[in-house]
Structures are given as structure tokens and as C-alpha cells.
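Worksheet: the structure to be examined is printed underneath.
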Amino acid sequence: MGRRPLRRGDHEGRVQQELLERLFGRLFRRWLGLGLSQLTSTEAVGARPRAGTDPFGGATRPPAGLSPGTVRPIPPWAFTGVAICSFGGPLALTALYAPGLLADAGASTGLAMVAAVIVFTAPLAIWLRYARHVSSAGGLFAFVEAAAGRLLALAQAATWIVSYVLYLVYTTVQIVYDLLPSVMPVGRSAQTVLALLIPIGIAGVMVAGRATALIVLGLMAVGQLALAGILDGLTVAHFTTPASAFAVGAPAGSVAKAGAQTSLLYICGSLPLFLGGELARPARTIRRGLVGTYLLTTVVISLAVVPLAAAPGLLRTAVPGVTVAQLFASPGLAKATGIGVAVSIAGVILCEYLALTRLLHAIGRWRLRPITLAIGALMVAAAPFSLIDPQGFYSALVKPSLAALWTSQLIVFLAYPRFVAKRRGRALPAWTLSAAASGLAIYGLWTAL
């Protein structure tokens with residue numbers, strides 16, 4: 011059958027949709043308030059177009075195109091370094107976050123850990139299947155745009171930006187006023203200095219350029235994996251993992267809760283997706299980088315935490331990894347582990363900063379350097395306000411940040427079946443993955459509120 015003739019109503023509908031998209035885009039840019047100039051072609055780091063990637067069957071039209079040869083591609087090792095720092099980072103998960111959550115599973119920490127690994131495969135699979143066809147500086151925004159159009163994608167990007175801008179601002183408070191005092195004596199004056207210097211240092215790394223940021227993240231990745239490996243060796247050497255750790259020895263509800271909450275820890279693993287437009291072979295590099303990093307992270311956590319089912323009291327200490335190092339190694343290693351956890355958290359901040367610059371570039375086609383300077387200025391300017399009431403500052407920002415994060419991810423997961431349908435893929439697997447990932451996002455939203 012031939013294509014039906016275009017009617018007046020169709021034309022008016024398309025015109026109205028274009029007007030809405032332009033209006034929403036203008037309001038969104040004004041809301042950002044960055045006042046940045048338009049992107050020049052020599053500074054583009056956006057989508058790397060490939061034949062057949064347009065969801066509507068036409069010519070690919072990247073929002074912020076990367077012309078061949080304009081930017082040197084990020085090597086796979088550097089992408090992997092970003093991925094390692096994004097997933098937690100692994101030392102922070104191993105020594106601080108995961109033990110406290112898995113403690114609720116009691117003697118069934120191994121079972122809860124296995125459940126967490128299985129549950130998070132749904133979000134990871136969705137990200138990878140999007141990335142197989144869409145590789146862009148827009149990351150999750152580009153995924154939603156390909157699936158459901160620009161209006162919903164802008165809404166997704168807005169919530170994502172709110173979440174991570176807040177995270178950049180308040181996470182230093184967690185490092186300085188919550189973590190470090192549990193590791194070493196830190197005076198009030200030293201805390202004040204650190205609260206001001208950490209944002210300056212992170213902004214300085216980003217302003218120094220992409221190469222500097224990637225090298226710093228690579229060093230952070232190697233350092234925290236080394237410390238996490240030492241913790242693994244200590245726990246494996248001093249504790250025998252009971253077989254009951256992988257059985258239902260605790261109430262089923264407690265095991266399920268511990269597994270679900272532990273799976274939430276991996277959500278920042280989507281940050282490297284915003285580098286998709288800067289990779290020579292994005293689909294393969296993203297797949298290998300994210301899958302390999304995810305498996306490595308889960309193994310590192312499991313080796314350090316599951317054996318502690320034999321000594322559940324250690325799981326409930328302030329910083330379990332530091333306690334293990336103190337008991338079975340030396341005070342020096344304990345202090346190094348605590349500082350390493352702080353660096354691990356700072357690495358996630360740096361990854362988020364990197365992803366934010368790419369997303370804002372993809373949306374507005376602004377130049378990267380002004381975006382980087384604007385975000386850095388915001389971080390540095392907000393730091394003095396955190397000194398007034400650090401705990402109140404943190405508490406006021408953490409809930410809206412997490413709520414916005416899970417809302418933005420929920421949009422990505424709900425849009426996935428439509429993305430698959432446009433490519434004539436199988437509906438049942440798409441809806442199954444979407445339901446599982448959306449359920450996790452809704453649970454994350456519920457815990458945030």
C-alpha cells in the first residue's frame with residue numbers, strides 16, 4: 011500500500027509538537043541559567059553517528075555531533091577507569107556501604123549478595139541494549155529521546171541534572187563531617203579547610219582538561235582496587251565463609267530487603283554512558299567496560315563481606331573495612347583504607363561532574379569549557395554555606411537528590427519497551443526487563459522518600 015496523503019490535521023499536529031519542543035527547550039535552557047555560547051564544531055563531543063541508528067528510519071541527526079577526527083577517542087582503559095570509579099566506587103562499597111546493608115541479612119549475607127547481583131542485571135541490560143544503538147554525550151537523555159521523543163527526554167534530563175548537581179554540592183559534607191572523623195581525629199578547623207578545598211580540587215581537575223580527569227580517575231580506580239583486594243585477602247584469610255551464608259538463615263523479608271538495598275548501590279554505573287560519543291567503538295567498549303566492571307565490583311564486595319557472616323558484629327561498625335584492617339593488619343592500613351574510602355567517594359563526584367558536562371553539552375550544544383567552569387563555580391560557591399550547619403545542609407539536599415535520581419532512571423526504564431518496539435524487537439523480553447528495572451527504581455524512590 012502507498013503512503014496516505016498528508017492531511018491538514020497532520021501538518022498542524024506536527025507544527026504544534028515542534029513548537030512545544032522549542033518552547034520546552036528554551037525554558038529548560040533558561041532554567042539552567044548558564045548563559046553559555048553555542049558549541050563550535052571543533053569542540054564537539056556529542057553523538058558519534060552511525061548508519062541505521064535513527065529510531066525513525068531517517069538519516070541520523072545527532073544533537074551534538076562529533077565529526078571524525080575532531081576529538082581523540084577515549085581509549086578503552088580510560089573508559090574502564092571511569093566505569094570502576096562510577097560503580098560505587100568499589101572501595102566505598104566494600105569498606106563502608108555494602109557491609110552495613112548486608113548486615114540486615116544476618117547469617118545469610120551471601121544469599122543477599124547473590125540476590126543483589128541478579129536484581130541489578132535488569133537495569134544493566136537495559137543500559138547496554140540502549141547503548142548498542144545510541145552512543146552520545148547525552149547518555150540516558152539520548153536513550154529516552156530515541157525511545158519517546160525530545161519532550162520526555164528533556165524532562166528526564168532535568169530530573170537527572172537536579173539529582174547530580176545536588177550530589178556534587180552535598181557529598182563533600184559526608185566525606186568531611188561523617189566519614190573522616192570515624193577514621194582519624196579531625197579538628198573543626200581542619201574540617202572547615204577540607205570542606206572548602208575538596209570542591210576546589212575536584213573542579214581544578216575538571217578544568218585542567220579531559221586527559222587530566224581521565225588520568226586521575228584511572229589512578230583512583232587502581233588505588234581503590236588495590237586496597238579492596240587487601241581487605242578481601244584479610245577477610246578470606248581470617249574467616250571461613252559458612253555454607254549457611256548462602257541459605258535462608260534469616261527472615262526472608264530481611265534477606266530480600268538487604269539484597270534490594272544493596273542492588274541500589276550500583277546505580278551510578280550509568281555515568282560512563284555519557285562518554286559514548288567519545289569512543290572509537292562505543293557499543294563494544296561500553297559493553298565490555300560496564301559488564302567487566304560490574305562483575306569485578308561484585309566479586310570484590312563478596313570476598314570482603316560474605317566471610318563476615320561468621321562475625322556479624324563487624325558488619326555494624328562505623329566503617330567495617332577500617333575495623334577489619336585495624337584488627338588484622340595495622341593502624342597504618344586502617345588509616346589508608348579510611349582515606350581510600352574518602353577518595354573513592356570523591357571519584358564518584360568526579361565521574362558525575364564529567365557526565366554533567368557532557369549532558370549539558372548534548373542538550374544545549376554549548377562549549378565544554380564554559381560548562382565545566384560554571385559547574386565548578388557552583389560547587390565552590392556552595393561550599394561555604396555547608397559550614398553553617400553541615401548536618402542540616404546534608405539532610406536538606408540528600409532526599410530530593412535521591413528522589414530525582416530514581417525518577418530519572420524510572421523514565422529510562424519505562425521508555426525501553428517503546429525503544430525496542432521501534433526497532434521491531436521482541437516485546438516480551440523488553441517488557442520483562444522494563445518491569446524488573448522499574449520495580450527497582452520505584453523501590454529506590456520509596457526508600458529515598
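Residue numbers (my numbering): 11 to 459. Think of the CB as a built atom: it goes at the ideal place given N, C-alpha and C, for glycine as much as any other residue. Owing to the predicted nature of the structure, the values given are computational and were not obtained by experimental measurement.
For L111, the closest C-alpha among the options R82, L459, Q271 is that of Q271. Using a Cβ distance threshold of 7 Å, F151 and A126 do not count as a contacting pair. For W441, the enclosing alpha helix (DSSP H) has its first and last residue at 437-458.
Membership of G287 in any alpha helix (DSSP H) is not indicated, and neither H nor E is assigned to it by DSSP. The criterion of a C-beta distance shorter than 7 Å is satisfied by V316 and G120. Looking at the backbone, the Cα of I277 and that of V301 are separated by about 13 Å. For the pair T222 and M216, the Cα-to-Cα distance works out to about 7 Å. Taking S273 as reference, the option from G449, A236, R294 with the minimal CA-CA separation is G449.
In the assembly as shown, W456 is an exposed residue. Its beta-carbon has fewer than 16 other beta-carbons within 10 Å.
Distances from the CA of I171 to each of L369, R82, L305 were compared; the closest alpha carbon is that of L369.
Taking all protein chains in view, the Cβ of P195 is surrounded by fewer than 16 other Cβ atoms within 10 Å, so the residue is classified as exposed. Taking a 10 Å sphere around the C-beta of L337, we find fewer than 16 other C-beta atoms and assign the residue as exposed. Leaving aside the five residues that flank A260 on each side, the residues in its chain whose CB is nearer than 7 Å to its CB run, in chain order, A115, G116, A117, S118. Taking a 10 Å sphere around the C-beta of R220, we find 16 or more other C-beta atoms and assign the residue as buried.
Shown here for G269: same chain residues with a beta carbon closer than 6 Å to its own, the five before and five after excluded, namely A122, A125, A126 in chain order.
Contact between E362 and V81 does not hold, since their C-beta atoms are separated by about 21 Å, which reaches or exceeds 8 Å. Around V154, the same chain offers L162, A163, Q166, I421, V422, A425 as residues with beta carbons nearer than 7 Å, after the five sequence neighbours per side are excluded.
Per DSSP, Y107 lies in no alpha helix (DSSP H) segment and is marked neither H nor E.
The straight-line gap separating the alpha-carbon atoms of T303 and A393 is approximately 32 Å. Within the DSSP bridge table, the entry for W137 names no partner. Apart from sequence neighbours up to five positions away, the residues of its chain that approach A321 with a beta-carbon distance below 8 Å are F249, ordered along the chain.
One thing to note: G357 has its Cβ within 7 Å of the Cβ of G99. In this structure, S173 lies near A414, with their beta-carbon atoms less than 7 Å apart. The Cβ-Cβ distance between I311 and A108 falls below 7 Å. A113 and L325 do touch by the CB rule: their CB atoms are close to 4 Å apart, below 8 Å. Between the beta-carbon of A141 and that of I373 there is about 19 Å, and that puts the pair past the 8 Å contact cut. In the three-state reduction of the DSSP assignment, S192 falls in the helix class, which pools H, G and I. As the crow flies, the alpha-carbon of L383 is around 28 Å from that of S199. Take the alpha-carbon of F403 and the one of T182: they are about 11 Å apart.
A direct Cα-to-Cα measurement between S405 and I225 gives close to 33 Å. Distances from the alpha-carbon of S444 to those of V265, T131, P86, L360 put T131 closest. For F403, the uninterrupted alpha helix (DSSP H) run begins and ends at 400-432, by DSSP. Bounds of the alpha helix (DSSP H) holding D242 are 220-248. The alpha-carbon separation between P282 and R139 amounts to approximately 15 Å.
Listed in chain order, the non-local C-beta contacts of I355 below 6 Å within the same chain comprise A102, I185, local neighbours out to five positions each way being set aside.
Within the segment 283-337, complete beta strand (DSSP E) segments of at least 3 residues are not found at all.
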